[in-house]
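In what follows, a structure is listed as structure tokens, so that the remarks can point back to it.
Chains as they are written, first to last, in the working numbering: chain R, 99 to 209; chain A, 414 to 527.
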């Protein structure tokens, strides 16, 4: 039972444009959400997080939006850079004991 | 560098064998998580320990076991290995339990079962 879903396995974006990565979840008890970036043969690296009391969190070029009613979150990267090419995982947690990960979206930023 | 150290980085072993993966969490982190990533799969949660005690269990096979020692390092034991156990195994750590904390991943241990 996949409680966190990333329905787009891959995404290609031109350099300088906006990248939008989407994530849906099913468990309404999730109250903390994170995005991780992963390069091949490396561990996932924490990017940005958001708690359920907010609907937006921004950190430089990265912004995460949370729509609790739709059980949907998205990661916006503006402007996209070639170095952003990686696999992006979203994750959700209810109690902090378990973190449920999506299957990842592979982002390719085309120079 | 996340501060989470995993050894070995690569391991090739035969079916039916047993291996141990080791993880040292970030300094000060009490909670350790183990995840499995197979080809084209997401990160599957296996098990979590907090300060030496098991806190949560995910899709961990009975052939697998883990423990967290008093110095907080953790080991994941995989036995009676099968070809399908070939995967990247990640350890992650966090400060504590509870709300709004981040988990940090090690670089993973590549296990190939032949």
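Ideal Cβ positions, reconstructed from N, Cα and C, are used throughout, including at glycine.
What residue from the options has the CA that sits closest to residue i's CA?
i: residue 418 of chain A; options: A:430, A:503, A:458; result: A:503
i: residue 204 of chain R; options: R:101, R:111, R:159, R:100; result: R:111
i: residue 462 of chain A; options: A:518, A:477, A:454, A:486; result: A:486
i: residue 516 of chain A; options: A:527, A:445, A:437; result: A:445
i: residue 168 of chain R; options: R:157, R:106, R:150; result: R:150
i: residue 431 of chain A; options: A:514, A:477, A:507, A:505; result: A:477
i: residue 140 of chain R; options: A:525, A:527, A:519, A:524; result: A:519
i: residue 527 of chain A; options: A:493, A:505, A:466; result: A:493
i: residue 473 of chain A; options: A:491, A:524, A:414; result: A:491
i: residue 126 of chain R; options: R:132, R:165, R:109; result: R:165
i: residue 200 of chain R; options: R:157, R:108, R:109, R:121; result: R:121
i: residue 439 of chain A; options: A:508, A:522, A:451; result: A:508
i: residue 152 of chain R; options: R:132, R:158, R:142; result: R:132
i: residue 128 of chain R; options: R:176, R:170, R:174; result: R:170
i: residue 464 of chain A; options: A:435, A:506, A:451; result: A:506
i: residue 525 of chain A; options: A:437, A:451, A:514, A:447; result: A:451
Buried or exposed: which applies to residue i, given that a residue is buried once 16 or more other Cβ atoms fall within 10 Å of its Cβ?
i: residue 115 of chain R; result: exposed
i: residue 137 of chain R; result: exposed
i: residue 442 of chain A; result: buried
i: residue 416 of chain A; result: exposed
i: residue 207 of chain R; result: buried
i: residue 117 of chain R; result: buried
i: residue 449 of chain A; result: buried
i: residue 104 of chain R; result: buried
i: residue 180 of chain R; result: exposed
i: residue 209 of chain R; result: exposed
i: residue 183 of chain R; result: buried
i: residue 147 of chain R; result: buried
i: residue 142 of chain R; result: buried
i: residue 158 of chain R; result: exposed
Which residues of chain C have a Cβ atom closer than 9 Å to the Cβ of residue i, listed in chain order?
i: residue 458 of chain A; result: The displayed structure is made up of protein chains R and A, and chain C is not among them.
Going by the CB atoms, is the gap between residue j and residue i shorter than 8 Å?
i: residue 488 of chain A; j: residue 433 of chain A; result: yes
i: residue 154 of chain R; j: residue 163 of chain R; result: yes
i: residue 186 of chain R; j: residue 102 of chain R; result: no
i: residue 134 of chain R; j: residue 144 of chain R; result: yes
i: residue 202 of chain R; j: residue 455 of chain A; result: yes
i: residue 119 of chain R; j: residue 172 of chain R; result: yes
i: residue 466 of chain A; j: residue 460 of chain A; result: no
i: residue 196 of chain R; j: residue 458 of chain A; result: yes
Less than 7 Å separating the Cβ of residue i from some heavy atom of the ligand PLP?
i: residue 178 of chain R; result: Among the ligands in the structure shown, none appear at all, so the ligand PLP cannot be discussed.
**Report entry** Residues from the segment 150-181 of chain R in contact with chain A, defined by Cβ distance under 7 Å
**Finding:** So the list is empty, because no residue satisfies the distance condition.
Requested in this report: Check whether the segment 483-503 of chain A touches the segment 186-203 of chain R, counting contact only when three or more Cβ pairs, one atom from each stretch, lie closer than 8 Å.
Outcome: The segment 483-503 of chain A is not in contact with the segment 186-203 of chain R.
Requested in this report: Pair every Cβ in the segment 470-481 of chain A with every Cβ in the segment 419-430 of chain A, then say whether three or more of these pairs are closer than 8 Å.
Outcome: Using a C-beta cut-off of 8 Å, the segment 470-481 of chain A makes no contact with the segment 419-430 of chain A, since fewer than three inter-stretch Cβ pairs fall below that distance.
Report task. Select from the segment 119-137 of chain R all residues with a C-beta closer than 8 Å to any C-beta belonging to chain A, and list them in chain order. Result -> Answer set for the segment 119-137 of chain R: 129, 130, 132, 134.
Query raised in the report: In the segment 467-480 of chain A, which residues sit with their C-beta less than 8 Å from some C-beta in chain R, listed in chain order?
Result: Of all residues in the segment 467-480 of chain A, 468, 469, 471 have a Cβ within less than 8 Å of some Cβ in chain R.
Query raised in the report: Residues in the segment 414-440 of chain A with C-beta within 7 Å of chain R's C-beta atoms, listed in sequence order?
Result: For the segment 414-440 of chain A, the set of positions with a beta-carbon nearer than 7 Å to some beta-carbon of chain R reads 415 in chain order.
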